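Visitor:
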Amino acid sequence: MQKQDADSYGLPTVAEPVLRMRGIGKKFPGVIALADVDLELVPGEVTALVGENGAGKSTLVKILCGIYQPDSGVIELAGREITLASAEQAMAQGVSVIHQETVLFDDLSVTENIFMGQQIKGRFNCLDWRAMHKRAAALLSSLESDIDPGSKLKELGIAQKHMVAIARALSVDSKIVVMDEPTAALSYKEIEELYEIVEKLKSENKAVLFISHKFEEIFRIADTYTVFRDGVVAGKGRVSKTNQNDLIAMMVGRTVNQIFPKESVEIGNPVLTVQGFCHPTEFADIEFSVNRGEILGFYGLVGSGRSELMQAIFGISQPTGGRILLDGAEISIRSPGDATGRGIVYVPEERGRQGVVLALPIFQNITLPSLSGLSPKGFLDLAKEFELARSYAERLQLKAASLSHPVSTLSGGNQQKVVIAKWLATEPRVIILDEPTKGIDVGSKAAVHGFMTELVKAGLSVIMISSELPEILGMSDRVAVMREGRLIEIVDRKNTDAETLVRTAIGTSQPVGGEAA
Amino acid sequence: MIKALLKNRDVVLGLILVMMTLAIAARFPGFIELENLRGIFTDTSILIILALAQMIVLLTRCIDLSIASNLALTGMIVAMINASSPELSIAVLVGVSLIVGFCLGAVNGLFVWLLGIPPIVVTLGTLAIYRGIIFLLTDGQWINAHEMSPAFLQAPRNIIIGLPVLAWVAIGLVTAAAVFFGWSKLGRALYAVGGNPVAAVYAGLDVGKTQFIAFCISGMLSGLCGYLWVARYAVAYVDIARGFELEVVAACVIGGISIAGGIGTIPGVVLGALFLGVVKNALPVIGISPFWQLAISGSVIIIAVVINARQEKTVGKLILRSSHKAG
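Sequence lines, in order, name chains E and D.
Going by our numbering, the first sequence opens with residue 307, and the numbers climb by one from there.
Going by our numbering, the second sequence opens with residue 333, and the numbers climb by one from there.
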C-alpha cells in the first residue's frame with residue numbers, strides 16, 4: 307500500500323530494478339518469438355507476466371534460466387551486464403526458476419533435491435549430509451513448511467514440491483525468482499499456501515516474476531504487470547492502476563492484418579455429433595456437432611482439454627461416457643483404426659512425436675493409415691501405393707527430392723505436409739486438425755489455410771483446434787470455447803470477437819468461485 | 333552413382349565382406365574354393381535364420397534373448413519324439429518344431445503385449461526358464477546320434493542342386509522375408525511400430541499386438557532352427573546353442589539393424605550373419621590360436637557397433653534440426 311501512495315504522488319519507484327532486460331530478441335526459423343522486449347524486476351515486488359499462448363512468455367523464461375540464448379539485447383543484473391549461458395550459470399547469478407511442472411528428482415530426498423549440483427562438502431571433500439539436512443530443515447521452516455527433509459520427493463504433493471523448489475531457490479540466495487504458472491496444477495488450499503510463500507519472498511526482498519493466465523491471482527498478488535503480445539511488450543504498469551478489461555485488450559488488441567482465405571461454403575447437415583462425452587480427468591459433458599462444409603474452431607487455453615477431447619473421439623483414449631453419432635447413427639470407436647475406417651481422422655499437434663516415422667520413406671509415411679485399402683489380396687499393391695502418395699504429395703505441393711527418401715530429410719513445413727497428406731489419403735469425411743499451423747512460417751500457414759478452404763468446398767467437415775485468435779476468427783464458421791475440460795459455449799464467429807473469446811476461455815465473464823475447483 | 337552406392341551401408345558391408353574374404357584368400361587360396369564357401373554358407377545358415385527372427389523383433393523396439401533357449405528346448409522335444417517314435421515322418425517333426433517354437437515365442441509376446449513388461453526382462457527370464465525346462469524333461473541326459481532315426485539326421489543334409497537342404501531353407505526364408513517386408517501390411521507395420529510407436533498408434537496400428545506377432549514369428553523360426561541344429565550336430569542336450577543369442581544379436585547389429593527399432597534391411601542382416609560366419613571360419617585357417625578367437629570376434633562386434641552408432645548419430649542430428657524448426 308505504501309508503494310501505491312508513492313505512485314500516486316508521481317514519485318519513481320522506491321527501489322532500483324535488480325534485473326533489467328533490454329531489447330531482447332529471439333528468433334526461431336520462420337518464427338519471431340521475441341522482438342525487442344524490455345523487462346524490469348524490482349526487489350520486493352511481484353511482476354506479473356501476462357499474454358496469450360505463444361505470446362513469448364515461455365521463451366523469455368527460458369532465456370532467464372539459461373536454456374535459450376537471446377539473439378539480441380542485454381541482460382543487466384544489479385547494473386552489471388551478464389550472460390546466462392547455462393541453467394547452472396543462471397542459478398549461480400541468482401536467478402531461480404520454479405517451473406509449472408516441477409523439474410526435480412522424484413526418487414531423491416528433499417535434501418538431495420535442494421542441494422543437487424551444489425552439495426555442501428565436509429571433511430576429506432566428502433558430502434556433509436548432516437549439514438545439508440540441517441540447512442534444508444532450516445530453509446523449510448523459514449518457509450513455515452513442515453516437510454521432512456528426509457522424505458522422497460515423490461511422496462509429496464505438487465504444492466509441497468513447489469515448496470521444495472522454492473527452498474532450493476532460497477538456498478542459493480536467489481535475487482530473482484521466476485514462477486511459471488505455478489498454480490496451474492494446484493488445489494484451492496494449495497494456491498493459498500503458494501500466495502503466502504510469494505508474500506514471504508517479497509518480504510525477503512526478492513524480485514518475483516509471476517507468469518499466469520488467471521486474472522484473479524494477478525490482481526491479488528502482483529504489484530506490476532507486463533503484457534506480451536506476439537513477442538513484443540503490449541503494455542506495462544502498476545496492477546493497482548489497471549483492470550481486467552484493459553489487460554485483456556492489451557493481450558488481444560492487435561490489428562488484424564492477416565488475410566485469411568476463408569470463403570463461404572454452403573453448410574449442410576450435421577455429420578459428426580458428440581453427446582454427453584465424459585472423461586475421468588480431462589473433460590466432462592461435451593456436446594457439439596459439426597456440419598458438412600463447416601470449419602468448427604476450438605479455442606481455449608492450453609490444458610483446457612481440447613486435444614484430449616479430440617483424441618478420445620479419435621479412439622486414442624476411451625471416454626467414460628457419451629455417444630458419437632455419424633450422420634445421425636451411433637457408432638463405436640475403440641481405436642484410431644476404427645475412427646479412420648469411419649472417415650474421422652485426427653492430425654496431431656506434435657508432428658515429430660505423433661505424426662511421422664522419420665526413418666521410413668516419405669511415400670510409406672503417407673500411406674501408413676491407408677494400407678488396408680491397398681492390400682486387397684493380402685499383398686500390397688506397390689504401384690498403387692506409390693501413386694496414392696504421389697497424388698497427395700502433389701496436391702499439398704510437398705517439396706522433396708524423392709518420395710523414397712526418409713521423412714527425416716524434409717524441412718519442418720514439409721514434414722507437416724506429409725502428416726496432413728497421410729490423413730487426407732484415407733479420404734476422410736471429418737478431419738480434426740490440432741494446431742495445424744503451430745511452429746510453421748507465415749507462407750506455409752497461408753498454404754494450410756488455403757487447403758482447409760479447399761477441404762470444406764469438397765464437402766468435408768473440419769474441426770480446428772487453435773490457440774491463435776486470428777486463425778480462429780479468420781477460419782472458423784463457428785467457434786467452440788473450452789475451459790477446464792468443459793465446453794462453455796459455441797458461437798457463430800460473426801457474433802463474437804477476440805476479447806469475448808479470451809474472456810470466455812479464461813472464465814472472467816462469470817463469477818469465479820466454487821466452479822474452479 | 334558410385335558415391336550414392338557407397339552411402340548405402342549394405343553395399344559398404346558387402347564390400348568389406350568381399351575384401352576381407354579376398355585378403356584371406358590372398359594368403360590361403362583354398363579359402364575361396366567353392367567347397368569351402370559352400371561350407372561357410374551352410375555353417376552360417378542357422379545364424380542367418382535366427383538373425384532374421386531377431387531382426388523382426390528388433391524392428392519393433394523389442395529384443396528376444398530367449399531364441400537360443402527356445403532353439404535348445406524345441407530341439408530337445410523334437411529329438412525326444414524322434415527317439416521314442418522313429419516312424420514319425422520328418423514333416424510332422426518340422427511341424428512340431430514350428431508349433432512349439434511359436435508357443436514359446438507367444439509366451440514372450442503375451443508378457444510384453446498384455447502386461448507391458450520390458451522385452452529384455454521377459455526374454456531374460458524365459459532364456460533361463462526354457463533351458464531349465466530341458467533339465468526337467470531329461471534330467472540332464474543327452475540324446476545322441478544313435479538314438480535318432482537316420483531320416484531325422486539326414487533331412488537337412490540332402491544335397492539339392494549343389495547345396496544342402498539346410499542352406500536352401502535359409503535361402504527360402506530370406507526370400508520369404510523379403511516378400512514379407514516388401515509386400516505385406518504387417519511387414520510395413522513392424523517398421524512403423526518401432527520407428528515411432530506413438531505415430532503408429534495414431535495411424536491405427538496396434539503396437540502391442542504387432543510386437544506380439546513379432547515374438548511369435550521369432551519363436552517359430554527359433555523352433556525350426558531347433559530341429560535343424562539337433563539334426564546337423566546330431567546331438568541334443570541342455571547346453572546346445574548356449575549363448576548363441578548374443579551371436580545372433582551381434583549379426584543383427586553388424587548388419588545395421590538398430591537396437592532402437594525401426595531401422596534395418598534384409599540384405600544387411602544376411603551380410604551381418606555372413607560376416608560373422610566368415611570371421612569364425614577364417615580365424616582357424618589363418619592360424620590364430622583358439623584362445624584369441626573369442627576376443628577377436630568380440631572386437632569385430634564392437635567395431636561394428638561403433639560404426640553403426642556413427643550412422644545413427646547423423647539421423648539423430650536430422651531429427652534435432654527438424655524439431656528445432658518445429659519449436
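Every residue, glycine too, gets a C-beta built ideally from N, C-alpha and C.
No experiment lies behind these values; they were computed from the predicted model shown.
Tell me which residues share the same chain as residue 635 (chain D) and place their Cβ nearer than 6 Å to its Cβ, disregarding the 5 neighbours each side in the sequence.
Guide: Excluding positions up to five away in sequence, the list is empty.
Visitor: Is it a yes or a no for the region 547 to 559 of chain E touching the region 599 to 610 of chain E, going by three-plus beta-carbon pairs under 8 Å?
Guide: no
Visitor: Can you pull the chain E neighbours of residue 341 (chain D), defined as C-beta to C-beta under 7 Å?
Guide: Going along chain E, no residue has its Cβ under 7 Å from residue 341 (chain D), so there is no contact; the nearest lies around 13 Å.
Visitor: Answer yes or no: do residue 513 (chain E) and residue 382 (chain E) have a C-beta to C-beta separation smaller than 8 Å?
Guide: no
Visitor: May I ask you to list the residues that DSSP assigns as paired with residue 533 (chain E)?
Guide: E:356, E:541
Visitor: Hey, residue 736 (chain E) and residue 649 (chain E): beta-carbon distance below 8 Å or not?
Guide: yes
Visitor: Excluding five sequence neighbours on each side, which residues of the same chain lie with their C-beta closer than 7 Å to the C-beta of residue 328 (chain E)?
Guide: 344, 379, 380
Visitor: Do you know how far the Cα of residue 376 (chain E) is from the Cα of residue 563 (chain E)?
Guide: Only weak support is given to the placement of residue 563 (chain E): the predicted model assigns it a pLDDT of 45, under 50, and the question is left unresolved by the model.
Visitor: Can you list the residues of chain E that residue 533 (chain D) reaches, using a CB-CB cut of under 9 Å?
Guide: 622, 641, 642, 660
Visitor: Can you list the residues of chain D that residue 685 (chain E) reaches, using a CB-CB cut of under 7 Å?
Guide: 515, 516
Visitor: Whose Cβ in chain E lies nearer than 8 Å to the Cβ of residue 595 (chain D)?
Guide: What residue 595 (chain D) touches in chain E, judged by beta-carbon distance under 8 Å, is 665, going in chain order.
Visitor: Give me, in chain order, the residues of the same chain whose beta-carbon lies closer than 8 Å to that of residue 415 (chain E); leave out the 5 immediate sequence neighbours on both sides.
Guide: 455, 456, 457, 458, 459
Visitor: In three-state terms, what does DSSP make of residue 579 (chain E)?
Guide: strand
Visitor: With DSSP run on the structure shown, which of helix, strand or coil describes residue 373 (chain D)?
Guide: For residue 373 (chain D), the secondary structure class from DSSP, reduced to helix, strand or coil, is helix.
Visitor: Just to confirm before moving on: does the CB-CB distance between residue 732 (chain E) and residue 651 (chain E) stay below 8 Å?
Guide: yes
Visitor: Give the range of the alpha helix (DSSP H) segment to which residue 426 (chain E) is assigned.
Guide: Residue 426 (chain E) -> no alpha helix (DSSP H), and no H or E assigned at all.
Visitor: Could you give the distance in angstroms between the alpha-carbon of residue 358 (chain E) and the alpha-carbon of residue 535 (chain E)?
Guide: 7 Å
Visitor: Just the chain D side, please: which residues come within less than 8 Å of residue 835 (chain E) by C-beta, in chain order?
Guide: Any question about residue 835 (chain E) goes unanswered here, given that chain E covers just 307 to 823.
Visitor: In angstroms, rounded to a whole number, what distance separates the CA positions of residue 414 (chain D) and residue 455 (chain D)?
Guide: 28 Å
Visitor: Any beta carbon from chain E within less than 8 Å of residue 504 (chain D)'s own beta carbon?
Guide: no
Visitor: Is residue 491 (chain D) helix, strand or coil when you go by DSSP?
Guide: strand
Visitor: Check this for me: beta carbons of residue 813 (chain E) and residue 590 (chain E), under 8 Å apart or not?
Guide: no
Visitor: Measure from the alpha carbon of residue 670 (chain E) to the alpha carbon of each residue in E:635, E:622, E:642, E:708, then state which is nearest.
Guide: E:708
Visitor: Quick one: which chain D residues come within Cβ less than 8 Å of residue 652 (chain E)?
Guide: 534
Visitor: Helix, strand or coil for residue 657 (chain E), going by three-state DSSP, please let me know.
Guide: helix
Visitor: Listed from N- to C-terminal order along the chain, which residues in the region 421 to 455 of chain D have their beta-carbon within a distance smaller than 9 Å of any beta-carbon of chain E?
Guide: none
Visitor: Which residues does DSSP pair with residue 771 (chain E) in a beta bridge?
Guide: E:604, E:740
Visitor: Is residue 685 (chain E) helix, strand or coil by DSSP?
Guide: coil
Visitor: Between which two residues does the alpha helix (DSSP H) harbouring residue 339 (chain E) extend?
Guide: Note, residue 339 (chain E): premise wrong, no alpha helix (DSSP H); beta strand (DSSP E) at 337 to 347.
Visitor: Let me check understanding here. Comparing Cα to Cα, which of D:539, D:614, D:541, D:513 lies closest to residue 355 (chain D)?
Guide: D:614
Visitor: Comparing the C-beta of residue 375 (chain E) with each C-beta of chain D, is any distance below 8 Å?
Guide: no
Visitor: For the alpha helix (DSSP H) containing residue 461 (chain D), list its first residue and its last residue.
Guide: 451 to 470
Visitor: For a cutoff of 8 Å on Cβ pairs, would you count residue 528 (chain D) as touching chain E?
Guide: yes
Visitor: Between the alpha carbons of residue 420 (chain D) and residue 407 (chain D), how many angstroms are there, rounded?
Guide: 16 Å
Visitor: Are residue 642 (chain E) and residue 619 (chain E) closer than 8 Å when you measure CB to CB?
Guide: The answer is no: Cβ separation not under 8 Å.
Visitor: For residue 570 (chain E), name the three-state secondary structure that DSSP assigns.
Guide: Residue 570 (chain E) falls in the coil class under three-state DSSP.
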